[in-house]
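459 is the number that my numbering gives to position 172 of the sequence shown; each next residue is one higher, with no gaps. From the three backbone atoms N, C-alpha and C, an ideal C-beta is built for every residue, glycine too.
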Amino acid sequence: MRLIDAGLSDEGRPYLVMEYVEGLPVDEYCDRRGLGIRERLELFRVICDAVQHAHDHLIVHRDLKPSNILVTGDGVPRLLDFGIAKLLASTLSEDSIPPTRTALRRLTPGYAAPEQIQGGPITPACDVHALGVLLYELLTGRHPFIQPGLDLEEVQRAVCHKPVPRPSGVVVKPVWKVDEGGRMSVSAEELAKRRGTSPKGLRRAISGDLDAVVLKACRKEPEWRYPSAGLLGEEIGRFLAGKPVAARADAAVYRTSKFLKRHAWAAVSLAVAFVALALMTAVTLVQSREVALQRDQMREVQGFLLETFGAVGPDQAVGEVVTASQLLDARAASLEQAYAGRPVLKAQMTGVLAEAYLRLGLYERAESLARRAVALSGSELGEDHPAFASALALLGLILYERGDAGAAQPILEQAVRIHRSAGRNYRVDLSRSLNDLGLVLERLSRYAEAERVYREALTIRASLLGDQHQSTGITASNLAAVLYRQGSYDEAVSAASRALRALRSSLGPDHQRSVIAQNNLAVMKIAAGQIEGAVAELRDLLERQRRLQGERHPVTAQVMNTLAGTLNRAGRYQEAEVLARRALEILGRALGPQHTAVGISSRVLGEALEGQGRHREAMEQYHAALAIQRSALSAQHPELAYLITKLGTLYQELGQVEEAVEYLREAVARNEAVYGSSSQRTLEVRLRLAMALAAEGAFQEAESLLASSRGDIAGEESTALARLRSRVESLLRERRAAAR
């Protein structure tokens, strides 16, 4: 739309004179022409491109809605009413842009982003939210927030706090619209007809990928939306081309972030999934597994149930999870009557419900139903039947998820025995039971046994499903993790590379499982000493995350952090500092200043500063990290042991002996608790304490530590440890001589 004139009114307010455009509002245009879903999406892509063009010229529209997007007779959309648009100063960051003054804060509440309503910064994310609402309307014929009878305050409250209903879930219901007489009802059939389909057909067309895209665009938090209108348009393009959409993978990460903000005790999970890095840090790798594989029997019935329950997933709010739980409870209560006289089917459906509860994290109910499925299948089919083994395997997996690996082990071992004896037709089931048994054995720290069962599962899956199958990739990833834990780093790199190839082939390179697999491969390359290879993987991963989820996404920041830690290992401290500072800023804003990931980021920044000789600045970062981790992590967490060792060692290097002794005493105790008294890591810290004590003049205690460390060593002493021991002995001789 062309600008004709601009200036200030007599009251001093800015005005714009635009060309006259003849056309219809975009929603009315689509309905009058009966455009189908694909045609509407193609038109929406053009709108996204137009909005992105404005953003590229530092203009945020701030009032995108159907009446401000007219479509001409030849099908070209034009953006109208830039009268309240905001010019973004290119020299300012998003957070430095002041909120609009109240007197000029014009907006349309049903299309405004929560931060607009609350007086927050105006950024391109506001327009992305409005585009999400527009897409919701174009697809469903309904508005996610506005309903007849709601006043302005109620609409604003809904925009800021009400969860966005899943689009595919509303299209089978009629909608109330306001007309001249007050209001009228428009049937679901009529709205679907305007889109060239039926209500059920419309639900099928929207369900899944388009649900995820709309919900991502409409998220309350601007950092969790698409980073730009252009990327939203590209996502629609991927859908139209039949390619995987990033929103489906991102949804799991979003739910994790929301969960962590509600449950501080789970904070470590997100950190260890993406920030496993740096020397002397215990790395916990992301474990991939399969919760719900297709069953050979009763596909139609089970598929219907799993589709129903699968809709209650990452983008649902807490209240909606409760609703899903109630739905499951109702289905469970009806099983006895619905499948009376059909005990085998009842057993299968009970297992399906158990899986659904498991997917919602309702472990107690899942376990109860899984035990019921075991009892039913055992009594009806016998305890040597493969279906009984599958029920056992599900129960074992649920127990594993509940943290009871000890109880899960014999159950999964029994499932493996039955599946193994069932013959070749059940080898896929055998591979699944073996994979889950491997998870349990790994949880129990029985790594050699876990490796053995993973290798068997991997052989079966590769031979039956192919080397590029998702399941093959999952087991290869698990094998890589257990090899890593045993110190077989080169083999771990090989298995992790195989996993990444399979997952990229089966799911696409942008799927979250593929992203995690690439992160794991980088971590293993670090351990194997392949630092440059790890840097290359992480650079590629970082660019992928920036493209898919944007610079300010917390997962992008986690990858930045991992790359920064790897660059520290390579001695490239200045580059590491830049990345670590950026990661720290993003994570602090997204997860809160006390999140464990923020603590790890502070520690990585400290290492970059220490590497440049900026010891005082490094000390500040280490102390900031320690303050966070003392309250966030368990007393025996390796990160705490590492941080306290870092501080003690740095104080020692700065000649602050009293502080060094204080921190190194604690470091010895923590390393012994985590790694054992005879580990090389513990012995190194003990020798450093002996050195600090010698410098302090506590010769007797220093000599005692030196002697005990010599007796406790397990295996051959490393060169570095031998060199440190020699330094301590020399210092003791010098100080004793000086004391005489």
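Under the DSSP assignment, residue 925 falls outside any beta strand (DSSP E), being part of the alpha helix (DSSP H) whose first and last residues are 925-940. As a beta-bridge residue in DSSP terms, residue 357 pairs with 312 and 365.
Look at the stretch 480-546 and you find no whole run of beta strand (DSSP E) that is 3 residues long or longer.
In the structure shown, residue 661 falls within a helical segment according to DSSP collapsed to helix, strand and coil. It is roughly 33 Å from the alpha-carbon of residue 676 to the alpha-carbon of residue 494. Annotation: the continuous alpha helix (DSSP H) that includes residue 338 extends over 324-343.
Residue 473 carries a strand assignment under DSSP once its states are collapsed to helix, strand and coil. Per DSSP, the unbroken alpha helix (DSSP H) holding residue 411 starts and ends at 411-427.
Residue 319 counts as exposed, since fewer than 16 other beta carbons sit within 10 angstroms of its beta carbon. Of the candidates 346, 328 and 353, the residue whose Cα lies closest to the Cα of residue 413 is 346.
Taking the C-beta atoms as reference points, residue 908 is found no nearer than 8 Å to residue 927. Taking a C-beta distance under 8 Å as the contact criterion, residue 832 and residue 846 qualify as a contact pair. With fewer than 16 neighbouring CB atoms inside 10 Å of its own CB, residue 448 falls in the exposed class. In its chain, beyond the 5 residues on either side, 458, 459, 460, 461 and 486 have a beta carbon closer than 7 Å to the beta carbon of residue 475. Setting aside the 5 residues that flank it on each side, residue 980 is surrounded in the same chain by 988 and 989, each with a C-beta closer than 6 Å to its C-beta; the list follows chain order. Under the criterion of beta carbons closer than 8 Å, residue 310 and residue 357 qualify as touching, at roughly 4 Å. Taken through DSSP and simplified to helix, strand or coil, residue 732 comes out as coil. Under the three-state reduction of DSSP, residue 770 is assigned to helix. A straight-line Cα-Cα distance of about 25 Å links residue 741 and residue 821. For residue 800 against residue 794, the beta-carbon gap comes to about 6 Å, under 8 Å, which counts as contact. A Cβ-Cβ contact shorter than 8 Å links residue 431 with residue 420. Within the stretch 741-821, the complete alpha helix (DSSP H) segments of 4 residues or longer fall at 757-772, 776-794 and 799-814, listed in chain order.
Residue 670: not part of any alpha helix (DSSP H); DSSP gives it neither H nor E. Taking all protein chains shown into account, residue 359 has fewer than 16 neighbouring C-beta atoms within 10 Å of its C-beta and is therefore exposed. Per DSSP, residue 630 is one residue of the alpha helix (DSSP H) stretching across 630-646. Looking only at 335, 343, 338 and 364, the smallest Cα-Cα distance to residue 317 is reached by 364. The three-state secondary structure of residue 398, taken from DSSP, is coil. Membership of residue 971 in the alpha helix (DSSP H) is indicated by the continuous run 967-983. Taking a cut-off of 8 Å for Cβ pairs, the stretch 722-738 and the stretch 691-701 touch, as three or more such pairs fall below it. With 16 or more other CB atoms across the displayed protein chains lying within 10 angstroms of its CB, residue 864 is buried. Counting other Cβ atoms within 10 Å of its Cβ, residue 870 reaches 16 or more and is therefore classed as buried. Burial of residue 348 is indicated by the presence of at least 16 other C-beta atoms within 10 angstroms of its C-beta. The stretch 775-788 makes contact with the stretch 742-762; the number of CB pairs closer than 8 Å reaches 3 or more.
The C-alpha of residue 954 is placed about 21 Å away from the C-alpha of residue 1018. Straight across, the Cα-Cα distance linking residue 638 with residue 731 is about 26 Å.
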